[in-house]
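S.K.: One point on numbering: in the UniProt record's numbering, the residue at position 178 of the first sequence is 178, and numbering is uninterrupted.
Input: one structure, supplied below.
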Amino acid sequence: MSLRAYNTLTGRKEDFVERDRGRVGMYVCGPTVHDYIHIGNARTFLTFDVIRRYLLYKGYQVLFVQNITDVEDKIINKARQLGLGWQEVAQKFEREFYQDMEKLGIMPADVQPRATEQIDFMIKMISTLEEKGYAYRVDGDVYFSISQFKEYGQLSKRNVDEMMAGSRVEVDERKRHPLDFALWKSSKAGEPGWDSPWGRGRPGWHIECSAMSLNYLGFGFDIHGGAQDLIFPHHENEIAQAEGYKQEKPFVRYWLHGGMLQINEEEMHKSLGNFVTVHELLEKENPNVVRLLMLGSHYRSGLNFTEEKLEEVRKAYGRMAEVVSRLDFLSRQAPKEAPRSPDISTLERALYETRPAFEEAMDDDFNTARALSAVFELIRLVNSLTQSSEFVLTSRAREVLTQARELIMELGGVLGLRFEEGRAVDQSRLFALVDLLLEIREEARSRRDWQMADRIRYGLSRQGIMVEDRPDGPIWKIKSDADTAL
RNA sequence: GGCGGCGUAGCCAAGUGGUUAAGGCAGAGGUCUGCAAAACCUCUAUCCCCGGUUCGAAUCCGGGCGCCGCCUCCA
Numbered sequence: 001m002s003l004r005a006y007n008t009l010t011g012r013k014e015d016f017v018e019r020d021r022g023r024v025g026m027y028v029c030g031p032t033v034h035d036y037i038h039i040g041n042a043r044t045f046l047t048f049d050v051i052r053r054y055l056l057y058k059g060y061q062v063l064f065v066q067n068i069t070d071v072e073d074k075i076i077n078k079a080r081q082l083g084l085g086w087q088e089v090a091q092k093f094e095r096e097f098y099q100d101m102e103k104l105g106i107m108p109a110d111v112q113p114r115a116t117e118q119i120d121f122m123i124k125m126i127s128t129l130e131e132k133g134y135a136y137r138v139d140g141d142v143y144f145s146i147s148q149f150k151e152y153g154q155l156s157k158r159n160v161d162e163m164m165a166g167s168r169v170e171v172d173e174r175k176r177h178p179l180d181f182a183l184w185k186s187s188k189a190g191e192p193g194w195d196s197p198w199g200r201g202r203p204g205w206h207i208e209c210s211a212m213s214l215n216y217l218g219f220g221f222d223i224h225g226g227a228q229d230l231i232f233p234h235h236e237n238e239i240a241q242a243e244g245y246k247q248e249k250p251f252v253r254y255w256l257h258g259g260m261l262q263i264n265e266e267e268m269h270k271s272l273g274n275f276v277t278v279h280e281l282l283e284k285e286n287p288n289v290v291r292l293l294m295l296g297s298h299y300r301s302g303l304n305f306t307e308e309k310l311e312e313v314r315k316a317y318g319r320m321a322e323v324v325s326r327l328d329f330l331s332r333q334a335p336k337e338a339p340r341s342p343d344i345s346t347l348e349r350a351l352y353e354t355r356p357a358f359e360e361a362m363d364d365d366f367n368t369a370r371a372l373s374a375v376f377e378l379i380r381l382v383n384s385l386t387q388s389s390e391f392v393l394t395s396r397a398r399e400v401l402t403q404a405r406e407l408i409m410e411l412g413g414v415l416g417l418r419f420e421e422g423r424a425v426d427q428s429r430l431f432a433l434v435d436l437l438l439e440i441r442e443e444a445r446s447r448r449d450w451q452m453a454d455r456i457r458y459g460l461s462r463q464g465i466m467v468e469d470r471p472d473g474p475i476w477k478i479k480s481d482a483d484t485a486l
């Protein structure tokens with residue numbers, strides 16, 4: 001079964017055929033670093049993280065590029081507001097972005113260029129567009145003339161003239177067409193600026209992504225992603241710039257767009273007070289829960305984010321994590337003899353059926369919800385076997401369960417779910433366990449139950465934990481090469 | 001006004017021409033059980049309405065009703 005993906009450009013699911021055999025070039029519009037990223041951003045980034053992971057799982061060599069927009073009006077405004085330099089604002093929120101992404105378990109991009117490091121290439125593109133008649137100057141600004149690009153509107157399926165009628169845009173009289181957009185903006189004093197053929201200025205927002213994707217992935221790369229709100233005008237403009245510049249098409253083979261996230265049935269807005277940043281959400285929420293919530297519906301659908309849904313997903317994730325730790329435990333146990341082996345045939349069969357079901361779902365335009373159901377089905381069968389009263393951990397059963405564990409971990413991993421965090425036992429928990437055992441031992445000693453007391457001491461010493469009884473109570477230390485007391 | 005999408009169980013959500021209509025959460029009953037927790041089993045859907053196409057429709061077509069997103073910086 002081959003991979004199919006919904007391409008916004010054609011409006012259909014299409015077979016995925018990469019430009020260069022076995023290699024996929026992928027670009028996802030990154031953040032403007034003027035504030036913490038919000039959970040809407042997170043949804044999009046999680047979506048493309050999963051797509052990327054699945055492509056890797058399928059054996060593609062993926063080159064993943066994402067920009068950092070570190071010069072833009074919002075950053076400048078924020079800096080004014082805070083009385084900081086624009087670079088300081090950009091640097092701070094770029095750092096926060098990386099931290100949030102890491103917490104969300106999103107793989108770092110292979111290349112993550114900053115807009116300010118690509119100015120030369122943008123200037124080159126704009127100059128070429130100007131030479132080829134796609135751009136014109138007004139004062140110190142340079143605009144792209146959409147009338148010169150016949151296919152403008154192809155991605156968003158808009159008729160440029162019809163749009164004019166219902167347009168709410170305030171028309172800038174200096175532009176030849178209301179939808180013409182800035183390639184280069186002149187900078188006023190105190191604003192960031194670079195020297196250019198058009199004077200001191202800075203790039204328009206749309207040119208960045210064209211420049212960076214072209215620079216790192218080359219023309220005609222495979223996947224360009226973002227959320228649906230970027231289809232128009234941002235991605236439409238990117239196509240116009242890139243195809244105008246190269247005089248070729250297509251700029252991108254597959255345009256993938258994620259659906260919008262809402263909070264309590266409303267669009268997220270600071271003014272509505274429902275603006276949730278990843279930073280604050282992850283202060284109290286497990287990132288895997290957030291991810292699982294997003295995976296529960298198709299990436300192209302709208303998604304309503306609510307506290308109730310979060311609560312449901314917490315439980316579902318708890319079930320997944322629990323079965324993984326149960327399997328961890330069982331796979332470490334010594335197998336037992338049994339007169340009658342438990343019936344493992346159902347689970348054995350499921351082991352063969354789960355992966356194809358998972359792949360079929362993911363191959364069909366990355367249907368994570370359906371893929372997840374295959375994993376949950378496997379989990380149910382594991383529980384059904386291990387929790388039944390007749391269950392005995394024979395060596396064959398252990399083998400099958402270990403395979404089940406590996407499969408759950410692997411497929412969960414393709415979706416970016418991490419179970420190992422819940423399993424890590426940190427030192428303070430280990431110490432608390434030793435203390436608990438010593439408490440029990442003291443109770444045994446006070447009952448003069450020397451057998452129990454010795455058993456605990458011996459058991460601990462086998463783990464390298466030495467107990468010494470002193471008049472004022474026991475102390476313990478971990479035996480090491482230097483035999484240092486803790 | 002233009003473009004796109006949605007309406008499936010109490011809730012969330014897959015499925016898009018023929019399967020017992022996935023899965024998660026919640027609820028009821030049951031099993032297991034020293035207590036607790038977990039888990040498993042069973043039950044709960046005339047697929048928004050009305051027509052049409054078809055041997056056969058949740059799935060395709062037409063109409064209606066309801067809802068949403070985008071069209072402006074926006075992931």
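For every residue, glycine included, the Cβ atom is placed at its ideal position computed from N, Cα and C.
Between E267 and G40, what straight-line distance do the alpha-carbon atoms span, to the nearest angstrom?
M.R.: Cα-Cα distance, rounded: 10 Å.
S.K.: K249 to D426, Cα distance in whole Å?
M.R.: Their backbone Cα atoms lie some 55 Å apart in a straight line.
S.K.: What did DSSP end up calling A165 once you bin it into helix, strand or coil?
M.R.: The predicted position of A165 is uncertain, since its pLDDT is 49 and thus under 50; a value taken from the coordinates is nonetheless stated next. Here A165 sits in helix by DSSP.
S.K.: Using beta-carbon positions only, say whether P287 and L56 come within less than 8 Å of one another.
M.R.: Cβ atoms of P287 and L56: not closer than 8 Å.
S.K.: How far does the beta strand (DSSP E) with S196 in it reach, from first residue to last?
M.R.: Segment: none, S196 is in no beta strand (DSSP E) and carries neither H nor E.
S.K.: Determine the extent of the alpha helix (DSSP H) in which V62 is found, giving its start and end residues.
M.R.: First-last for V62: Q61 to Q66, but that is the beta strand (DSSP E), not the alpha helix (DSSP H).
S.K.: Would S186 pass as a contact of D141 if the rule is Cβ separation under 8 Å?
M.R.: Yes. Within cutoff.
S.K.: Once you ignore the five residues that flank R457 on each side, which residues in its own chain have a CB closer than 8 Å to its CB?
M.R.: For R457, where only same-chain residues beyond five positions count, the Cβ hits under 8 Å are R441 and V467.
S.K.: Three-state secondary structure (DSSP) at I465?
M.R.: DSSP places I465 in strand when its eight states are reduced to three.
S.K.: Just the C-alpha distance for Q387 and E420, rounded to the nearest angstrom, thanks.
M.R.: Going from the Cα of Q387 to the Cα of E420 covers about 22 Å.
S.K.: Counting along the chain, where does the beta strand (DSSP E) carrying L256 start and finish?
M.R.: From DSSP, the beta strand (DSSP E) with L256 extends over V252 to G258.
S.K.: In whole angstroms, what separates the C-alpha of L155 from that of N237?
M.R.: C-alpha separation (whole angstroms): 10 Å.
S.K.: If we require 4 or more residues per run, which alpha helix (DSSP H) segments fall completely within the segment 205-271?
M.R.: Qualifying alpha helix (DSSP H) stretches, in chain order: 205-217 and 236-246.
S.K.: My assumption, with CB atoms under 8 Å, is that Y134 sits in contact with F149. Please give the rounded CB distance.
M.R.: About 6 Å; that satisfies the 8 Å criterion.
S.K.: Going straight from the alpha carbon of G416 to that of R95, what length do you get?
M.R.: One C-alpha to the other measures close to 22 Å.
S.K.: With a cut-off of 8 Å on the beta carbons, I'd call R19 and D222 a contact; round off their distance for me.
M.R.: 6 Å between Cβ atoms; contact.
S.K.: Which term fits N159, buried or exposed, when burial requires 16 or more other beta carbons within 10 angstroms of its beta carbon?
M.R.: Flag for N159 reads exposed.
S.K.: By DSSP, does L310 sit in helix, in strand, or in coil?
M.R.: In this structure, L310 counts as helix in the three-state DSSP scheme.
S.K.: Can you tell me the Cα-Cα spacing of A182 and Y143, whole angstroms?
M.R.: Using only the alpha carbons, I get a separation of about 4 Å.
S.K.: Counting Cβ pairs, one atom from each stretch, are 3 or more of them under 8 Å apart for the segment 275-291 and the segment 252-261?
M.R.: Output reads no: the segment 252-261 does not touch the segment 275-291.
S.K.: Alpha carbon to alpha carbon, how far is I379 from E307?
M.R.: C-alpha separation (whole angstroms): 25 Å.
S.K.: Does the distance from the CB of M212 to the CB of Q99 come in under 8 Å?
M.R.: In this structure, Q99 does not lie closer than 8 Å to M212 by Cβ.
S.K.: Would you check if the distance between the CB atom of V351 and the CB atom of L385 is smaller than 8 Å?
M.R.: For clarity, residue 351 is Leu in the given sequence; the question names Val instead. Not a contact, by the Cβ cut-off of 8 Å.
S.K.: Should T32 and E72 be called a contact, given that it needs their Cβ atoms to be closer than 8 Å?
M.R.: For T32 and E72, yes; Cβs fall inside 8 Å.
S.K.: Find out if the Cβ-Cβ distance for the pair D70, T116 is shorter than 8 Å.
M.R.: Contact flag set, yes.
S.K.: Just to confirm, is the Cβ distance from W450 to I465 under 8 Å?
M.R.: Result no, Cβ atoms of W450 and I465 do not sit closer than 8 Å.
S.K.: Note down, in chain order, each residue of its chain lying with its Cβ closer than 6 Å to the Cβ of V89, except the 5 sequence neighbours on either side.
M.R.: I75, K78 and A79.
S.K.: Work out the CA separation of S325 and E399 for me, nearest whole Å.
M.R.: Cα-Cα distance, rounded: 16 Å.
S.K.: For my contact list, H224 and W205 are in at a C-beta cut-off of 8 Å; report their separation, rounded to the angstrom.
M.R.: H224 to W205, Cβ: 16 Å. No contact.
S.K.: Considering just the uninterrupted stretch of the beta strand (DSSP E) at V392, what are its terminal residues?
M.R.: Careful: V392 lies outside any beta strand (DSSP E) and carries neither H nor E.
S.K.: How big is the Cα-Cα spacing for L486 and I478?
M.R.: Unreliable positioning characterises L486 in this predicted model, as indicated by a pLDDT of 41, which lies under 50. A coordinate reading is not provided.
S.K.: For A5, which beta-bridge partners are listed by DSSP?
M.R.: Per DSSP, E14.
S.K.: Leaving out five residues on either side along the sequence, give the residues of the same chain with a beta carbon under 7 Å from the beta carbon of D364.
M.R.: Cβ neighbours of D364 beyond the five flanking positions: R4.
S.K.: For D139, I'd like the list of residues in its chain whose CB is within less than 8 Å of its CB, leaving aside the five on either flank, ordered along the chain.
M.R.: Once the five neighbours on either side are set aside, the close Cβ partners of D139 are R174 and S186.
S.K.: What number of angstroms, rounded off, separates the C-alpha of S2 from the C-alpha of L9?
M.R.: Approximately 20 Å between the Cα atoms of the pair.
S.K.: What do you get for A165, buried or exposed, if any count of 16 or more other CB atoms within 10 angstroms of its CB means buried?
M.R.: With a pLDDT of 49 at A165, under the threshold of 50, the modelled position of this residue cannot be trusted; read the value that follows with caution. The residue in question, A165, is exposed, as its Cβ has fewer than 16 Cβ neighbours within 10 Å.
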